[in-house]
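Q:
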Amino acid sequence: MGAQLPEAEAGGAAATLAVAPTVAEPSARRGWTRNLDVIIPGALIGLLLFLCFVWPLFGTVPPPTGGNILDANIPSFSPGHPLGTDQVGNDLWSRLLYGGRNSLEIAFAVNVIGLVVGGLLGAFAAFWGSFTDTVIMRVLDVLIAFPSLVLALAIAQSLGPSKLHTIYALSFFSVPAFARLARAQTLRLRERPFMLAARLAGTRAPRILLRHITPNIMPALVTFGLLGIGVTIILEGALSFLGLGIPPPQPSWGNMIFDGQAVLSAEPKLVLLPSAFLFVTVLAFNLLGDALRARGNAS
Amino acid sequence: MTDQAVRPGPALALRSPALRLIGNRLATAVPVLWGVTFLTFAVIQLLPGDAAQQLLGINATQEQLREFRDKLNLDDSFLVRYFHWLGDVLTGNLGNSLASDQPVTSIISDGLPTTLELLLYALVISLALTVPIALLAARNPGGFVDRVGMVTSMAGLSVANYVLAVVLVYVFAVKLGWLPAIYTNNTGTLGELVKSLTLPALSIGFPLFCFYTRLLRADVLEQMQGEDYVVTAKAKGVGPWRVLVRHALPNSLFGLLTIVALNLGTLIGATVIIEQIFAVPGIGHSLLEAINNRDVPVVEGIVLVLAVIVVVANLLADVLYAVLDPRIRYGRSAS
Chain B
2 MGAQLPEAEA GGAAATLAVA PTVAEPSARR GWTRNLDVII PGALIGLLLF LCFVWPLFGT
62 VPPPTGGNIL DANIPSFSPG HPLGTDQVGN DLWSRLLYGG RNSLEIAFAV NVIGLVVGGL
122 LGAFAAFWGS FTDTVIMRVL DVLIAFPSLV LALAIAQSLG PSKLHTIYAL SFFSVPAFAR
182 LARAQTLRLR ERPFMLAARL AGTRAPRILL RHITPNIMPA LVTFGLLGIG VTIILEGALS
242 FLGLGIPPPQ PSWGNMIFDG QAVLSAEPKL VLLPSAFLFV TVLAFNLLGD ALRARGNAS
Chain L
198 MTDQAVRPGP ALALRSPALR LIGNRLATAV PVLWGVTFLT FAVIQLLPGD AAQQLLGINA
258 TQEQLREFRD KLNLDDSFLV RYFHWLGDVL TGNLGNSLAS DQPVTSIISD GLPTTLELLL
318 YALVISLALT VPIALLAARN PGGFVDRVGM VTSMAGLSVA NYVLAVVLVY VFAVKLGWLP
378 AIYTNNTGTL GELVKSLTLP ALSIGFPLFC FYTRLLRADV LEQMQGEDYV VTAKAKGVGP
438 WRVLVRHALP NSLFGLLTIV ALNLGTLIGA TVIIEQIFAV PGIGHSLLEA INNRDVPVVE
498 GIVLVLAVIV VVANLLADVL YAVLDPRIRY GRSAS
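Here the protein sequences come in this chain order: B and L. As numbered in my numbering, residues 2 to 300 make up the first sequence, in order. As numbered in my numbering, residues 198 to 532 make up the second sequence, in order.
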């Protein structure tokens, strides 16, 4: 009945998660240029990871917080502050990098939790079938029926804003989404001869799950996870934007955009730069996920 | 005889596959709705430590705390409180706001129309753009419209709605001054309403348009390439546009309809943040205000209403799908 939307998000971006049939278009390119659709976003992600996680370790990046108010609103290209400072005197470049670190860490954590917990739940439900399946999927239906951001807001508010709590709140959406996908993938495998052979050989269920099902459903789950990272970054930004994600003064692209909004007409860069980082990061993950998905469908 | 077999008389209506499907969906919607009420209650009641202490602050006297706990029955066990609340909900009583003492139902009925107007506007914008562009793209896959459309939609899917909103405000309100940066509806005329909802609706509608266009294009292409009825129509000599618009599009639209309904939960999440940015006095705005005031009954009421809207919309989409699609209506399975 149509493609089920496994996960919801703040900006219509989770949208990419719907498993849309991709029409394979024969590529005229030969050699390594055929892989450009993977190489370009992959390199972009690599660059972002390097900038956010490695560069601050030995580059000359000032701390993202604790700036002096006397240094407020320094223009771009000033010595020591390549992009200038924000309205309380923190270095913008540093906040962009550390903010990205927060966003990426949360996004990876949420999707790894989703992949492991959701993947196991879904595979388990499909493998056992009948009553277990019904119970697990009904519970997940409830979570999927919920307006995602609304539930995340309620959870984040109840727990209080912090990085860990943001991860908990967002995992409520990644887990059911991965579970649905894992279940659909496992159902396809169930009647395959190698599964029958494994069962006839007397292999125990945990071993079948780990050694026969997991390797077969993993590619689809990982591809889905790449698209999920884009969605999670946007959702995390939304929570931080509303003051329920990364607590200020710690930076996050979401709360930087929110803070910059107040001085939008005077200092547009405070909004536009984190927006651009957010956009490029999400785009890179979406492009990579999409390219890998197209390959999965073609093979 | 054969005629009778295909069209069952009224006596057999209840055995019709469409009705059975509707019954099935209703039967599964009830536990989901119940789960939604339970989760709503649990999230807000279980997680914080002492609601009374949090709401009244650390300076509250023992007397005030006790009074407050009595008022909300906080000393009862969780399940007792849940069934108490559920009983109230079933009789249409969502309680009163802790902040303003206003009934929660009236807060919801004040904000809901504006939110629905915004959602409708966003959906109209996105669907009005989606259908022609997806068709143009599908008419000539790999052509100019297709390429530009696919690049735009990939970009649109990667932009967060709050980022889009802030950029739109910067361009159309701050730089050009064409549209208001925040919701202003003093006179209550339709023109003013449309004007102040345009930027919020665009912020929600553009990413939606990108999402729908990709789906519709892929679906129409699939129909055009793989379906027998398309081959038949082409063989009859039906022109390419007519095959696309009259044969493939209606089939693909059913799928899109389901996605629109399934996507509604996401959309409602989007309105919460967009209403906040543009100060639209909708239900999302009330929800955030209540969350910040820790106004438990209002949060529960609004979350419940939103969740119920999503569940009912999904149910309606399923039912509509069954009613519109003859393959399901006549009991053959639709893949």
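Ideal placement from N, C-alpha and C gives every residue a C-beta, glycine not left out.
(1) Closest Cβ-Cβ distance between B:Asn-256 and chain L: below 8 Å?
(2) Using only CA atoms, which one of L:Leu-459, L:Val-371, L:Leu-485 and L:Phe-403 lies nearest to L:Ser-323?
(3) Am I right that B:Leu-182 and B:Gly-123 are in contact with their C-beta atoms under 8 Å? What's the rounded C-beta distance?
(4) Determine the chain L residues that contact B:Pro-143 at a beta-carbon separation under 7 Å, and present them in chain order.
(5) Does any residue of chain L have a CB that is nearer than 8 Å to the CB of B:Ala-239?
(6) Any beta carbon from chain B within less than 8 Å of L:Leu-485's own beta carbon?
(7) Could you please give me the residues that DSSP links to B:Asp-92 through a beta bridge?
(8) Tell me whether L:Pro-300 sits in a helix, a strand or coil according to DSSP, three-state version.
(9) In or out: B:Ile-247 buried (at least 16 other Cβ within 10 Å) or exposed?
(10) For B:His-166, count the other beta carbons within 10 Å of its own beta carbon; 16 or more makes it buried, fewer makes it exposed. Which is it?
(11) Against B:Asn-287, what residues of chain L qualify as contacts under a CB-to-CB distance less than 9 Å, listed in chain order?
(12) Please state whether the Cβ-Cβ distance between B:Ser-241 and B:Gly-255 is less than 8 Å.
(13) Within this structure, are the beta carbons of B:Val-143 and L:Leu-236 separated by less than 8 Å?
(14) Measuring alpha carbon to alpha carbon, tell me which residue in B:Pro-216, B:Ser-266, B:Ser-131 and B:Gly-229 is nearest B:Gly-290.
(15) Compute the beta-carbon to beta-carbon distance between L:Ala-514 and L:Thr-455, rounded to the nearest angstrom, for a pair I have assumed lies under 8 Å.
(16) Write down the C-beta distance between L:Gln-420 and L:Ala-445 rounded to the nearest angstrom, noting that I regard them as a contact closer than 8 Å.
(17) Starting from L:Leu-503, find everything on chain B with Cβ-Cβ shorter than 8 Å and list it in chain order.
(18) I want to verify the contact list: residues of chain L whose CB lies under 8 Å from the CB of B:Arg-184, in sequence order.
(19) Give the single residue among B:Leu-97, B:Ile-41 and B:Ile-40 whose Cα lies nearest to the Cα of B:Thr-64.
(20) Which complete alpha helix (DSSP H) runs does the segment 113-174 of chain B hold, if anything under 4 residues is left out?
(21) For chain B, find out if any of its Cβ atoms is closer than 8 Å to the Cβ of L:Leu-517; answer yes or no.
(22) In whole angstroms, give me the CA-to-CA distance for L:Leu-484 and L:Gln-299.
(23) Under the three-state reduction of DSSP, which class applies to L:Asn-511: helix, strand or coil?
(24) How far does the alpha helix (DSSP H) with L:Tyr-607 in it reach, from first residue to last?
(25) At the 8 Å Cβ level, is L:Val-363 part of the contact set with chain B, yes or no?
(26) Against chain B, does L:Gln-473 count as a neighbour if the rule is that its beta carbon must be under 8 Å from one of theirs?
(27) So which residues of chain B does L:Val-360 contact, with C-beta pairs closer than 7 Å?
(28) Nearest by alpha-carbon distance to L:Phe-178: which of L:Ser-274, L:Gly-353, L:Arg-263 and L:Leu-283 is it?
(29) With 8 Å set as the bound, which would you pick, yes or no: does the beta-carbon of L:Val-469 sit closer than that to a beta-carbon of chain B?
(30) Would you verify that the beta carbon of L:Thr-302 is, or is not, closer than 8 Å to some beta carbon of chain B?
(31) Flag L:Ile-520 as yes if its beta-carbon sits less than 8 Å from any beta-carbon of chain B, otherwise no.
(32) Would you kindly report the start and end of the unbroken alpha helix (DSSP H) that includes L:Trp-282?
(33) Using the Cα positions of L:Gly-466 and L:Tyr-518, report the straight-line distance between them to the nearest angstrom.
(34) In three-state terms, what does DSSP make of L:Asn-337?
(35) Using the Cα positions of B:Phe-51 and B:Pro-42, report the straight-line distance between them to the nearest angstrom.
(36) In chain B, which residues lie less than 9 Å from L:Val-371 when you measure between Cβ atoms?
A: Let me spell this out:
(1) no
(2) L:Phe-403
(3) 7 Å
(4) It is worth fixing the name first, because residue 143 of chain B is Val in this sequence and not Pro. By Cβ distance, chain L contributes Val-229, Gly-232, Val-233 and Leu-236.
(5) yes
(6) yes
(7) B:Thr-86
(8) strand
(9) buried
(10) buried
(11) Met-351, Leu-354 and Ser-355
(12) yes
(13) yes
(14) B:Gly-229
(15) 5 Å
(16) 4 Å
(17) Pro-148 and Val-151
(18) Going along chain L, no residue has its Cβ under 8 Å from B:Arg-184, so there is no contact; the nearest lies around 16 Å.
(19) Before going on, a small fix: residue 64 of chain B reads as Pro here, not Thr. Here the closest residue by C-alpha is B:Leu-97.
(20) 120-129, 131-146 and 149-160
(21) no
(22) 14 Å
(23) helix
(24) A query on residue 607 of chain L cannot be resolved here, the shown segment of chain L reaching from 198 to 532 and no further.
(25) yes
(26) yes
(27) Ile-258, Ser-276, Leu-279 and Phe-280
(28) Residue 178 of chain L cannot be examined here, being either before or after the span of chain L that is shown, 198 to 532.
(29) yes
(30) no
(31) Note that residue 520 of chain L is Val in the sequence shown, not Ile. No, L:Val-520 lies away from the interface with chain B (no Cβ there is under 8 Å from its Cβ).
(32) 275-287
(33) 25 Å
(34) coil
(35) 14 Å
(36) Leu-265, Ser-266 and Pro-269
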